[in-house]
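Novice: Pasting a structure below so you can have a look.
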Ligand SMILES: Cc1cc2nc3c(=O)[nH]c(=O)nc-3n(C[C@H](O)[C@H](O)[C@H](O)COP(=O)(O)OP(=O)(O)OC[C@H]3O[C@@H](n4cnc5c(N)ncnc54)[C@H](O)[C@@H]3O)c2cc1C
């Protein structure tokens, strides 16, 4: 890793944003995950290119993360370079009904900006605690909306050769919690959203109503990665898990939330191993009870301890 760090520093990457041995538990909302060999906190698209060149030169693999709100990182951590696109890369530019947003901007902040600007379309997504970059990868959504309804263009950089790429129209490839960008091995740098004019007070009222519904139904006081499993065709993972009698089921400090069966929560000292074992148990019991095979919605990264 010395070669990687040296080449980052030589390329003038700000040293305070290079973190060797970064504990991934600090960078994920589940609060689990072992160390990354090196994590860099990115502040500009230019720094992404520098980081990719340095990783290529050092011959190490690259992993991209946003706010870590849909991630389960295994206890052995992540080998190579983790590129984190979050808070420092969060500029929003407005041109009429169109917002051009850097990938690290948080969805709640973008929704707030849109509301204050009298632009409608993001209120249902305002409680999703991820970045816009992570959101377009996942086609994040809630309350019958998802990003596919408002995203018109995604700018990215290819991980393979550092070349800029643009996804538009049908090439965005959005479907339920999936996008073309997820398959393409890219770093998302900027997202263009087309919104519709609306009354700021009405948007604020709707936003507050939906946030209150989340607070009431979801275990927001405990670490989690949101819904653990995808919605199976024609049903809801939470309903199936609840119907199988699994609310409160535990492996170590990993627990199927008592409040919302769709969430696995970390009661304090859960390991990724505990969470994965609980996920396997939930899958097996739901399959036995209902014949439905659940698929993880959380993205699982890294290696075992
Ligand atoms: C309490 C809670 C509630 C949630 N509610 C919802 C909900 O209602 N709806 C919903 O859809 N999700 C929900 N989630 C899950 C999560 O917030 C979303 O999936 C979110 O879009 C992930 O964004 P992120 O920045 O945290 O991405 P990460 O979790 O960091 O990454 C997710 C994926 O995107 C990739 N990625 C991230 N940023 C980039 C980038 N710039 N370029 C390329 N790849 C990138 C990562 O490699 C990974 O594969 C919830 C999570 C929590 C903790």
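Residue numbers (the numbering used here): 12 to 316.
Note that the Cβ used here is the ideal one computed from N, Cα and C, for glycine as well.
#1: Taking its Cβ as the centre, do 16 or more other Cβ atoms sit within 10 Å of residue 46, making it buried, or is it exposed?
#2: Does the beta carbon of residue 75 fall short of 8 Å from some heavy atom of ligand 3?
#3: Enumerate, from N- to C-terminal direction, the unbroken beta strand (DSSP E) stretches of 3 or more residues contained entirely within the segment 277-316.
#4: Using 8 Å as the cut-off, can you tell me whether the segment 284-292 makes contact with the segment 62-82, which would need three or more C-beta pairs spanning the two stretches below that distance?
#5: Using the rule of at least 16 other Cβ atoms within 10 Å of the residue's Cβ for burial, across every protein chain shown, is residue 171 buried or exposed?
#6: Taking only the alpha-carbon atoms, compute the straight-line gap between residue 166 and residue 259 and give it to the nearest angstrom.
#7: Measuring only the C-alpha atoms, how far is residue 243 from residue 182?
#8: Terminal residues of the continuous beta strand (DSSP E) containing residue 106?
#9: Does the contact criterion of 3 or more C-beta pairs under 8 Å hold for the segment 257-277 versus the segment 227-247?
#10: Is residue 238 near ligand 1, going by C-beta to nearest heavy atom under 8 Å?
#11: Between which two residues does the beta strand (DSSP E) holding residue 90 run?
#12: State the CB to CB distance for the pair residue 156 and residue 135, rounded to an integer number of angstroms; the pair is presumed to be in contact (CB under 8 Å).
#13: For ligand 1, is there a heavy atom less than 8 Å away from the beta-carbon of residue 126?
#14: When DSSP labels each residue in this structure, what does residue 123 get in the three-state scheme?
#15: Can you tell me the Cβ-Cβ gap for residue 92 and residue 311, rounded? I've got them flagged as a contact below 8 Å.
#16: Does any heavy atom of ligand 1 sit closer than 8 Å to the C-beta of residue 121?
#17: Residue 188: beta carbon under 8 Å from a heavy atom of ligand 1?
#18: In whole angstroms, what is the alpha-carbon distance linking residue 238 and residue 94?
Specialist: According to the structure shown:
#1: buried
#2: As far as ligands go, the structure on display features ligand 1 and does not contain ligand 3.
#3: 310-312
#4: no
#5: exposed
#6: 42 Å
#7: 25 Å
#8: 103-106
#9: yes
#10: yes
#11: 89-95
#12: 4 Å
#13: no
#14: helix
#15: That pair is no contact at about 19 Å.
#16: no
#17: yes
#18: 24 Å
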